[in-house]
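J.: Residue numbers (this note's numbering): 1212 to 1271.
The structure's right below; bear with me while I get my questions together.
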Amino acid sequence: MVAATGELPASGYALEVDGRLNAEFATRDGARAGDEELKKRFPMLQIRIDDAQTNAREEI
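And the structure:
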């Protein structure tokens, strides 16, 4: 996990939490694990996983 800079990464995956980039991950599994941990601690957050390669967003 790497702290996000505020813009989408060139590769890998990023967690977008309430409209702000929160963290970058090299793998989709890493991003999912980060998402699950945040959702357990803060279930009201709106979290998306952004895929840098395909520019796709997955709402969690």
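For every residue, glycine included, the Cβ atom is placed at its ideal position computed from N, Cα and C.
Keep in mind that this is a model prediction, so the values were computed, not measured.
What's the gap between the Cα of A1263 and the Cα of P1254?
T.: If I take the Cα positions, the gap works out to 25 Å.
J.: Taking T1238 as the reference, give the member of I1258, I1260, T1265, G1223 with the closest Cα.
T.: G1223
J.: On the CB-based measure, 16 or more other CB atoms within 10 Å of its CB, does E1270 come out buried or exposed?
T.: exposed
J.: To which residues of the same chain is R1243 closer than 6 Å at the C-beta, ignoring the five residues directly before and after it?
T.: Same-chain partners within the cutoff: there are none.
J.: Are the beta-carbon atoms belonging to K1250 and I1260 less than 8 Å from one another?
T.: no
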